[in-house]
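Read the structure below first, then the notes.
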Amino acid sequence: MPGETLYVIDRIVTNPGCGQKFVDEFRAGYLPNASRRNLTLDNMLVSPPLWAEDESNIVTITWTVEGTAGWWAMTRSSRGDATLRQWWDAMAPLIAERSRTMAAAADDVEGLADV
Numbered sequence: 196m197p198g199e200t201l202y203v204i205d206r207i208v209t210n211p212g213c214g215q216k217f218v219d220e221f222r223a224g225y226l227p228n229a230s231r232r233n234l235t236l237d238n239m240l241v242s243p244p245l246w247a248e249d250e251s252n253i254v255t256i257t258w259t260v261e262g263t264a265g266w267w268a269m270t271r272s273s274r275g276d277a278t279l280r281q282w283w284d285a286m287a288p289l290i291a292e293r294s295r296t297m298a299a300a301a302d303d304v305e306g307l308a309d310v
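One rule links them: number in the numbering used here = place in the sequence shown (from 1) + 195.
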């Protein structure tokens, strides 16, 4: 539905000492093409807030898409994108684990669930 924002939350745990390199690679290789997959960057957080050679970082990236139609457009374009898959494969040595979840503002849930 128009005006209802969905949040796509990517959580990447980097291998020790790889946090800064992952963020740099993300900015250079992933971010420039995200808008064509219907993703708008909302926020990128790094925890702990320092680059350490012997520690992992947790990079939490929050995207927005407009409503369920925006989510489906993002999903369809991402699934068929071989270059995206190749980018994630190239990042594998930097990543210990990654996950993606979705969320919405509490006030939007009822409208989004009425499909």
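Here a beta-carbon is modelled for each residue, glycine too, at the ideal position from N, C-alpha and C. Since this is a predicted model, take the numbers as computed values, not measurements.
query: Name the DSSP beta bridge partners of D303, please?; result: DSSP, once it has assigned bridges, lists no residue as partnering D303.
query: For M196, name the three-state secondary structure that DSSP assigns.; result: The predicted position of M196 is uncertain, since its pLDDT is 45 and thus under 50; a value taken from the coordinates is nonetheless stated next. Coil at M196, not helix or strand.
query: By the 10 Å Cβ neighbour count, where 16 or more other Cβ atoms means buried, how is M297 classified, buried or exposed?; result: exposed
query: Please look up how many angstroms separate the CB atoms of G393 and W246, rounded, as I've assumed it's under 8 Å.; result: The shown model of the chain, from 196 to 310, leaves out residue 393, and the question about it has no answer.
query: Strictly by DSSP, which residues pair up with E261?; result: T200
query: Counting only the same chain and skipping the five closest in sequence on each side, list residues whose C-beta sits under 8 Å from that of D237.; result: Y202, T257, W258 and T259
query: Can you tell which of T235, L226, P227 and E305 has the C-alpha that lies nearest to the C-alpha of G265?; result: T235
query: Is it buried or exposed for S251, if we count other Cβ within 10 angstroms and need 16 for buried?; result: buried
query: So, helix, strand or coil for D276, using DSSP?; result: coil
query: Mind checking E199: buried by the 16 CB within 10 Å criterion, or exposed?; result: buried
query: On the DSSP letters alone, give me the boundaries of the beta strand (DSSP E) that L238 sits inside.; result: The sequence as given places Asn at residue 238; Leu does not occur at that position. Looking at the DSSP string, the run of the beta strand (DSSP E) that includes N238 is T235 to S242.
query: Determine the burial state of V304: buried for a count of at least 16 other Cβ atoms within 10 Å of its Cβ, exposed for fewer.; result: exposed
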